[in-house]
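Novice:
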Amino acid sequence: MFSLFYQIFFFIFFYIIKFFFYSLFYYKKYSFFFWSGNYFFKFSKSSYNFFIKLKAFIIYKICFLNSFFYYLLKKKIYKISINFKPFYLFSYKIWNFLKNMNFSPNKISILLGGEGLGLVSYCLEIYYQNIKSYNAGMLTALSNRIGDVMILILISWMLNYGSWNYIFYLNFMNNEYSMKIISLLLVIAAMTKSAQIPFSSWLPAAMAAPTPVSALVHSSTLVTAGVYLLIRFNNLLIDMFFFKFLLLFSGLTMMMAGISANYEFDLKKIIALSTLSQLGLMMSILSMGFYDLAFFHLLTHAMFKALLFMCAGVIIHMMNDNQDIRVMGGINLYIPLTSLCLNISNMALCGIPFLAGFYSKDLILEMVSMSNLNLMIFYLYYFSTGLTMFYTIRLLMYLMVNDYNLGVIYNLYDEDYVMLKSMMILLMMSLISGSFLSWMIFYYPYMIYLPFSLKMMVIYVIIMGLFMGYMVSNMNIYSLNKVLMTYNLSYFFVMMWFLPSLSTYGLNYYFLNFSQKLFKIVDLGWSEYYSGQGVYNIIKYNSVIYYVYQMNNFKIYLFSFILWMLFMIMVIMI
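Start counting the sequence shown at 1; every next residue gets the next number (UniProt numbering).
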């Protein structure tokens with residue numbers, strides 16, 4: 001455990017010197033063969049890259065330690081053989097591809113890093129080799145390929161400037177029409193990487209991966225790649241007309257994820273939908289031009305969300321791999337320290353004062369209140385904030401306050417000491433990272449000037465969400481039967497506005513059905529009749545007719561001569 005602290009300390013000490021040099025570049029020379037030329041790779045070393053690398057390094061080391069004992073317990077309890085090597089190899093590759101994507105100003109390196117992240121995350125999602133994991137991994141991989149195609153088109157467009165190092169062409173590109181094309185491609189790529197509407201279906205499906213993978217990939221690396229991509233390109237994304245549409249789509253993503261989380265009973269999917277809601281919050285504030293606030297919330301969110309996934313992994317392991325929260329209850333009596341970490345991470349997610357999430361979410365909502373926005377966007381922000389408190393209280397009521405269930409009684413579990421120590425590091429970061437990062441990121445304080453009603457609006461919304469979550473969690477059978485009267489509306493919400501169906505079945509059904517009809521009508525119908533065997537039969541039939549004519553040519557000639565003579569006689573007589 002002390003070695004982990006030493007690694008983090010030396011990492012901070014080594015990179016703290018580079019932090020003071022805001023915009024330096026590091027050139028690395030490679031030669032693939034001894035007779036080949038040298039290839040230079042350039043890496044940017046800014047303060048943003050420093051914080052991203054520090055955050056990813058801490059979470060990677062903690063998740064690596066946590067996953068080792070997680071699978072060790074599974075091997076010990078279930079008496080099954082688990083191959084650790086592919087899992088740890090892919091986890092290490094995530095760290096490498098993340099560095100390649102985030103620290104290079106070259107778009108080729110950004111594309112390779114994004115492709116590598118998508119490939120490794122696909123391999124980790126199909127770690128449990130079943131059809132559900134395979135379908136989820138394929139949906140994730142194909143959805144992220146849309147963003148990679150946008151980056152590939154962007155690379156070809158950058159050939160107009162003679163280089164793929166975008167940072168040297170910022171001032172040159174600011175007043176050109178091509179900047180709008182570049183910005184549009186970047187926004188679409190970021191929306192696919194960060195699972196914004198209409199590409200939101202892959203993030204809940206990716207929960208088929210092991211829980212340590214979710215703590216690493218779906219809290220701080222893969223899902224935040226789109227947000228950080230727009231943060232790096234913030235100089236290109238000023239005064240764009242389609243940013244209004246990005247603000248609308250991200251706001252709808254927040255609301256959709258919050259409503260769907262209140263209908264969900266899968267523990268990991270509830271956490272995934274909360275991640276989707278926070279990604280919508282980051283993208284929306286980024287579309288308003290506050291990229292430093294989006295970066296601040298990205299860092300604080302990674303800490304408590306990784307802790308939340310780790311706690312979920314312990315609970316699922318205790319429940320014999322059952323993820324349904326309806327069979328849980330009273331877990332705080334059996335795993336009190338894990339329940340403590342779960343409660344604090346949930347409170348940080350809701351923005352309870354003086355936790356990590358409070359410093360970023362409260363500042364974001366206050367800047368939204370000060371901005372010149374219409375009433376719809378204003379209500380979307382605060383309604384989504386209330387929904388966050390809503391599904392958090394509902395989750396805690398199901399896990400801890402509700403009555404005991406047989407699943408808890410028959411699956412007693414002693415908390416692992418090493419796993420708890422790794423969780424305590426993230427617990428400390430969830431407590432102090434908000435204030436610590438607010439001192440380091442912002443060069444000047446934001447001046448907030450609001451009336452008392454708007455200043456207290458966040459507290460009002462949190463209290464209202466707490467009350468609604470408590471009321472819904474204590475609904476009796478009679479009230480639940482009334483909910484069935486709105487079954488169609490509830491089904492619409494629980495299916496994430498039918499986005500999973502539209503992304504898979506709804507998108508493919510009509511094309512595949514049309515292809516099947518085309519196959520029957522053309523390939524097995526007209527095409528078969530007029531080509532291939534059909535043409536052969538036609539030629540064969542005509543050949544038989546010609547053969548009959550050739551074998552009876554004298555009779556045919558005689559008959560034709562007689563007809564011709566009769567015709568001539570009739571003409572003469574007339």
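We treat Cβ as the ideally placed atom computed from N, Cα and C, and that holds for glycine.
Please read all numbers here as calculations on a predicted model, not as lab measurements.
1. Please list, in chain order, all residues of the same chain as E125 whose beta carbon is under 8 Å from its beta carbon, the five residues on each side excluded.
2. Just to confirm, are A302 and T211 a CB contact at a threshold of 9 Å?
3. Rounded to the nearest angstrom, what separates Y381 and M456 at their Cα positions?
4. Using 8 Å as the threshold, is the region 106-125 in touch with the region 89-98, meaning 3 or more CB pairs across them?
5. Taking C-alpha atoms, which residue in Y359, F452, A215 lies nearest to F309?
6. When the Cα of A356 is compared with those of M256, F199, F436, which residue comes out closest?
7. Between which residues of its own chain and F34 is the CB-CB distance below 7 Å, once the five residues before and five after are set aside?
8. Could you give the first and the last residue of the continuous alpha helix (DSSP H) run that contains W439?
9. For my contact list, M328 and Y398 are in at a C-beta cut-off of 8 Å; report their separation, rounded to the angstrom.
10. Excluding the 5 residues preceding and the 5 following G280 in the sequence, name in chain order all residues of the same chain whose CB lies nearer than 6 Å to its CB.
11. I need the boundaries of the alpha helix (DSSP H) containing N332, first residue and last residue.
12. CB-CB under 6 Å to V314, same chain, minus the five flanking residues each way: which ones, in chain order?
13. What residues in its chain sit with their C-beta under 6 Å from that of M570, if we drop five residues either side in the sequence?
14. Does the beta-carbon of residue 604 have 16 or more other beta-carbons within 10 angstroms, so that it is buried, or is it exposed?
15. Is it buried or exposed for M568, if we count other Cβ within 10 angstroms and need 16 for buried?
16. Would you decide whether M376 is buried or exposed? Buried here means 16 or more other CB atoms lie within 10 Å of its CB.
17. Measuring alpha carbon to alpha carbon, tell me which of G226, N262, M179 ends up nearest F242.
18. For G147, collect the residues of the same chain with a Cβ closer than 6 Å to its Cβ; drop the 5 residues on either side in sequence, then sort them by chain order.
19. So, for F383: in the same chain, excluding its five sequence neighbours on each side, which residues have a beta-carbon less than 7 Å away from its beta-carbon?
20. Distance check for V535 and Y557, CA to CA, integer angstroms please.
21. Is it the case that the Cβ atoms of G386 and M471 are separated by a distance below 9 Å?
22. Can you name the residues that DSSP bridges to D266?
23. Give me, in chain order, the residues of the same chain whose beta-carbon lies closer than 8 Å to that of V494; leave out the 5 immediate sequence neighbours on both sides.
24. So which of I110, L246, L267 has the shortest CA-CA distance to L286?
25. Would you kindly work out how many angstroms separate the C-alpha atoms of S23 and L512, rounded to a whole number?
26. If we call anything under 9 Å between Cβ atoms a contact, is M282 one with V227?
27. Would you kindly work out how many angstroms separate the C-alpha atoms of M101 and L524, rounded to a whole number?
28. For F199, count neighbouring Cβ atoms within 10 angstroms of its own Cβ and tell me buried if that reaches 16, exposed if not.
29. Closest to A348 by CA distance: which of N374, F498, S430 is it?
30. Determine the burial state of P445: buried for a count of at least 16 other Cβ atoms within 10 Å of its Cβ, exposed for fewer.
31. For Q278, is the classification buried or exposed, using 16 other Cβ atoms within 10 angstroms of its Cβ as the cut-off for buried?
32. Sort I432, I331, Y491, L340 by Cα distance to L299 and report the nearest one.
33. Return the residue from the list S143, D321, N537 that minimises the CA-CA distance to Y128.
34. Is the beta carbon of L154 closer than 9 Å to that of L186?
35. M389 and L466 look like a contact to me (Cβ under 8 Å); what is the Cβ gap, rounded to whole Å?
Specialist: In short, the structure shows the following:
1. Here the set comprises S133, A136, G137, T140, A206, A208, A209, V213.
2. It is not a contact, given that the beta carbons lie outside the stated cut-off.
3. Y381 and M456 have their C-alpha atoms spaced approximately 15 Å apart.
4. Touching, per the Cβ criterion.
5. Here the closest residue by C-alpha is A215.
6. Out of M256, F199, F436, F436 has the C-alpha closest to the C-alpha of A356.
7. At F34, the pLDDT of 48 sits below 50, so the modelled position is not reliable and the matter cannot be decided from this model.
8. Element bounds for W439: 417-441.
9. At roughly 6 Å, the Cβ-Cβ gap stays under 8 Å, so M328 and Y398 are in contact.
10. Same-chain partners within the cutoff: S250, T253, M254.
11. Element bounds for N332: n/a, residue is neither H nor E.
12. For V314, where only same-chain residues beyond five positions count, the Cβ hits under 6 Å are T338.
13. Excluding residues up to 5 positions away in sequence, nothing lies with its Cβ nearer than 6 Å to the Cβ of M570 in the same chain.
14. With the chain represented from 1 up to 574, any question about residue 604 goes unanswered, as that position is not in the structure.
15. M568 should be labelled exposed.
16. So M376 counts as exposed.
17. The closest CA to that of F242, considering only G226, N262, M179, is found on M179.
18. Same-chain partners within the cutoff: A189, T192, K193.
19. Cβ within range, chain order: M255.
20. Rounded to the nearest angstrom, the two C-alpha atoms are 30 Å apart.
21. For G386 and M471, no; Cβs fall outside 9 Å.
22. In DSSP, D266 forms a bridge with D324.
23. Listed in chain order, the non-local C-beta contacts of V494 below 8 Å within the same chain comprise S260, Y263, E264, local neighbours out to five positions each way being set aside.
24. Checking every option, the nearest Cα to that of L286 belongs to L246.
25. Note that S23 scores a pLDDT of 44, beneath 50, so its modelled location is shaky; the value from the coordinates is reported in the next line. Roughly 51 Å separates the two Cα atoms.
26. Their beta carbons are under 9 Å apart, which means M282 touches V227 by this criterion.
27. Linking M101 to L524 through their CA atoms gives a straight-line distance of about 49 Å.
28. F199 comes out buried.
29. It is S430.
30. Of the residues assessed, P445 falls on the exposed side of the cut-off, its CB having fewer than 16 other CB atoms within 10 angstroms.
31. Classification for Q278: buried.
32. If you compare the alpha carbons of I432, I331, Y491, L340 with that of L299, the shortest gap goes to I432.
33. Taking only the C-alpha atoms, the option nearest Y128 is D321.
34. In this structure, L186 lies near L154, with their beta-carbon atoms less than 9 Å apart.
35. The Cβ separation is near 5 Å, so the contact holds.
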